[in-house]
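Remarks on the structure that follows.
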Amino acid sequence: MNLIPRIEEELKQARLSRDDDRRDALALILSSLRSAQKELQRHLTEDEELQVLQRERKKRVEAFEAYEKAGREEQADREDFELEVLEEFMPDPLSEEEIEEIVDDVIAEVGATSIRDLGRVMADVMPQVSGRADGSQVSQLVREKLA
1 MNLIPRIEEE LKQARLSRDD DRRDALALIL SSLRSAQKEL QRHLTEDEEL QVLQRERKKR
61 VEAFEAYEKA GREEQADRED FELEVLEEFM PDPLSEEEIE EIVDDVIAEV GATSIRDLGR
121 VMADVMPQVS GRADGSQVSQ LVREKLA
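FYI, UniProt numbering numbers position 33 of the sequence shown as 33, with every residue one higher than the one before it.
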């Protein structure tokens with residue numbers, strides 16, 4: 001995937017078109033990726049890039065909700081725009097049916113029968129849905145299936 005060159009090119013295009021909001025959002029994403037790369041002192045793998053994007057996505061969602069709750073619409077709109085730009089670089093999310101199919105397969109595979117098997121099921125499901133589904137949504141679905 002190697003997002004850094006792709007985002008650098010997008011950033012360059014945003015600068016040329018004088019799209020300041022997009023430029024700022026891309027610069028934040030690029031900064032996060034470079035920071036993670038510098039911390040590891042090597043190039044990021046696709047999974048590591050995805051983890052950085054997920055972390056940034058979570059920050060944007062939380063900030064958006066906080067600004068909305070505080071009635072600060074301008075800042076909430078900015079966070080929402082940054083979230084939209086960020087999601088351009090993330091894989092397409094899985095549908096509810098696709099997640100359910102993966103969960104059903106793993107439950108059958110590990111022979112899970114009760115809520116006590118939640119950890120084993122989640123340990124097998126999460127790598128398959130990583131970056132394409134919200135962990136809390138998956139956990140809720142697994143709990144419902146095992147209850």
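Where a beta carbon is used, it is the ideal one built from N, C-alpha and C, also for glycine.
- Assignment of Gln137 by DSSP, reduced to helix, strand and coil, places it in the helix class.
- In the DSSP annotation of this structure, the continuous segment of the alpha helix (DSSP H) that includes Gln128 starts and ends at 118 to 129.
- When C-beta atoms of the segment 123 to 130 are compared with those of the segment 98 to 108, three or more pairs fall below 8 Å, so the two segments count as touching.
- DSSP places Ala76 within a helical segment (H, G or I) once states are collapsed to three.
- For Asp105, the enclosing alpha helix (DSSP H) starts and ends at 96 to 110.
- Where Phe64 is concerned, the enclosing alpha helix (DSSP H) starts and stops at 46 to 69.
- Non-local beta-carbon contacts of Asp80 in its own chain, meaning distances under 6 Å to residues more than five positions away in sequence, involve Phe64 in chain order.
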